[in-house]
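K.L.:
Quick one: this structure, given as structure tokens, is what I'll be asking you about.
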Amino acid sequence: MDSNSFNPEELAHKWLTGTLTPDEKSRFEQWYADFNDEELLLSNGRYTSTEQIRETILNRINASINEQPAPPVKIYKLWRNLAAAAAVVVAIGIAVLYRAPILNLVDPVKQLKLTTNPGEYKQIFLADGTHIWLSPATTLSYPEKFRGKLRDVSIDGEAYFEVKHDTGHPFVIQSGAVKTVVLGTSFDIQAYAHAKYIDVTVVSGKVGVSAKASANTAMVTANQRTIYQKATARLVKENYPNAAKFLDRRKGIFDFSGASLAEVVRDLEIQYGIHISLAPGLTSKTFYGRLQTTEPINRTLEKLSTVMEIRWEKQNGTYLLHP
Numbered sequence: 005m006d007s008n009s010f011n012p013e014e015l016a017h018k019w020l021t022g023t024l025t026p027d028e029k030s031r032f033e034q035w036y037a038d039f040n041d042e043e044l045l046l047s048n049g050r051y052t053s054t055e056q057i058r059e060t061i062l063n064r065i066n067a068s069i070n071e072q073p074a075p076p077v078k079i080y081k082l083w084r085n086l087a088a089a090a091a092v093v094v095a096i097g098i099a100v101l102y103r104a105p106i107l108n109l110v111d112p113v114k115q116l117k118l119t120t121n122p123g124e125y126k127q128i129f130l131a132d133g134t135h136i137w138l139s140p141a142t143t144l145s146y147p148e149k150f151r152g153k154l155r156d157v158s159i160d161g162e163a164y165f166e167v168k169h170d171t172g173h174p175f176v177i178q179s180g181a182v183k184t185v186v187l188g189t190s191f192d193i194q195a196y197a198h199a200k201y202i203d204v205t206v207v208s209g210k211v212g213v214s215a216k217a218s219a220n221t222a223m224v225t226a227n228q229r230t231i232y233q234k235a236t237a238r239l240v241k242e243n244y245p246n247a248a249k250f251l252d253r254r255k256g257i258f259d260f261s262g263a264s265l266a267e268v269v270r271d272l273e274i275q276y277g278i279h280i281s282l283a284p285g286l287t288s289k290t291f292y293g294r295l296q297t298t299e300p301i302n303r304t305l306e307k308l309s310t311v312m313e314i315r316w317e318k319q320n321g322t323y324l325l326h327p
């Protein structure tokens with residue numbers, strides 16, 4: 005805006021006395037905005053105190069006003085200084101309130117994506133110190149650094165989280181239709197796009213779980229979990245005393261204590277990215293034992309077959325289990 009088209013001192017006086025019209029208020033704020041005070045928004049280390057920021061802005065405003073033609077009445081100088089000081093307060097307040105959105109425009113945070121292959125496990129530390137174990141066939145989307153009130157990430161697959169505690173900046177995980185909000189805790193999320201459910205299991209601490217299509221919001225504590233059924237859009241919370249098993253599972257170690265063979269096969273299919281077919285009569289058989297899914301699938305099936313007294317073979321890319 006061309007500041008010569010109006011008198012900034014006069015508008016400053018009106019601003020202080022509360023007589024500005026909406027149009028004049030808009031023009032005055034635009035005039036101030038033209039000073040381009042990105043130092044206030046990008047001052048990580050440039051200034052050591054807020055007083056230095058205030059002084060810089062005040063000097064800029066005074067310098068701009070001094071460039072205007074000399075006012076006919078000296079009393080305007082007082083209004084000018086008062087207006088400049090008031091503008092500093094307003095500008096600092098606006099900058100603090102909108103710091104993150106403005107920074108995202110002038111210096112956008114790079115969005116990153118990490119994907120694991122079938123049978124592959126990875127660990128990652130986020131910028132805030134949060135530790136994440138990614139299971140096979142999982143994609144994590146996250147910012148290079150966190151900025152603003154929330155720490156937002158999204159996941160497709162399964163991951164175990166140890167979230168760095170930060171009361172002022174909740175950690176939010178979007179996994180399909182389910183949103184999980186935490187301050188700092190340990191938990192596992194299973195949220196594969198092809199699965200019929202999304203499972204959030206808490207090992208320590210507390211999380212809040214909500215779903216887009218469900219009116220329910222569940223607060224889940226240690227040794228509890230929520231299951232979101234995609235078909236019915238139902239969110240159910242239940243006790244889960246065996247939650248500590250995920251401490252091993254995040255490393256690819258599956259400890260089954262009486263799980264049905266159908267459940268074991270489902271886990272193996274997800275971890276290895278394969279298809280396993282069970283012969284009739286085997287689905288309800290129970291398995292007790294520990295499987296290390298970081299080993300080749302052939303070795304895992306050999307161990308399973310020995311314990312269950314069954315045999316396996318591979319036909320046309322599918323693994324078949326027989327009595």
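Reading the sequence shown from the start, the letters are residues 5 to 327 in my numbering.
Just so it is clear, CB atoms sit at the ideal spot from N, CA and C, and this is done for glycine as well.
As the structure is a computational prediction, the values presented were derived from the model and not from experiment.
Span of the alpha helix (DSSP H) holding I231?
P.N.:
No alpha helix (DSSP H) holds I231; the beta strand (DSSP E) holding it covers 228-233.
K.L.:
Since P147 sits in a beta bridge, which residues does DSSP pair it with?
P.N.:
DSSP output for P147 lists Q115 as bridge partner(s).
K.L.:
Have a look at the DSSP bridge pairing and note the partners of H326.
P.N.:
DSSP output for H326 lists R315 as bridge partner(s).
K.L.:
Go through its chain and collect everything with a Cβ distance to D132's Cβ below 7 Å, but skip five positions before and after it.
P.N.:
If we look at D132 and ignore the five residues flanking it on each side, its Cβ neighbours are F150, R155, K168, D170.
K.L.:
Classify P140: buried if its beta carbon has 16 or more other beta carbons within 10 angstroms, exposed otherwise.
P.N.:
Buried is the call here.
K.L.:
Look up T23 in the DSSP assignment and give the residues it is bridged to.
P.N.:
The partner list for T23 (beta bridge, DSSP) is empty, contrary to what the question assumes.
K.L.:
Would you list the residues sitting across from E299 in a DSSP beta bridge?
P.N.:
DSSP lists no partner for E299.
K.L.:
Take L130 as the anchor and find which of S158, E124, E267 has the nearest alpha-carbon.
P.N.:
Checked all of S158, E124, E267; the closest Cα to L130 is S158.
K.L.:
Is the distance from the Cβ of K117 to the Cβ of T134 below 8 Å?
P.N.:
Not in contact: K117 and T134 (Cβ atoms no closer than 8 Å).
K.L.:
Give, in chain order, every unbroken run of the beta strand (DSSP E) that is at least 3 residues long and sits entirely within the segment 184-225.
P.N.:
Entirely contained in the segment 184-225, the beta strand (DSSP E) runs reaching 3 residues are, in chain order, 190-195, 201-208, 210-215, 221-225.
K.L.:
Looking only at its chain, what residues have a beta carbon closer than 6 Å to the beta carbon of V185, apart from the 5 residues adjacent to it on each side?
P.N.:
So the qualifying residues of the chain are P174, V176, G212.
K.L.:
List the DSSP bridge partners of A141.
P.N.:
A141 pairs with nothing; no bridge assigned.
K.L.:
Using CA atoms only, rank isn't needed, just tell me which of G161, T287, N302, E148 is closest to E267.
P.N.:
The shortest Cα separation from E267 among G161, T287, N302, E148 belongs to T287.
K.L.:
Is the distance from the Cβ of A226 to the Cβ of V240 below 8 Å?
P.N.:
No, Cβ-Cβ distance for A226 and V240 is not below 8 Å.
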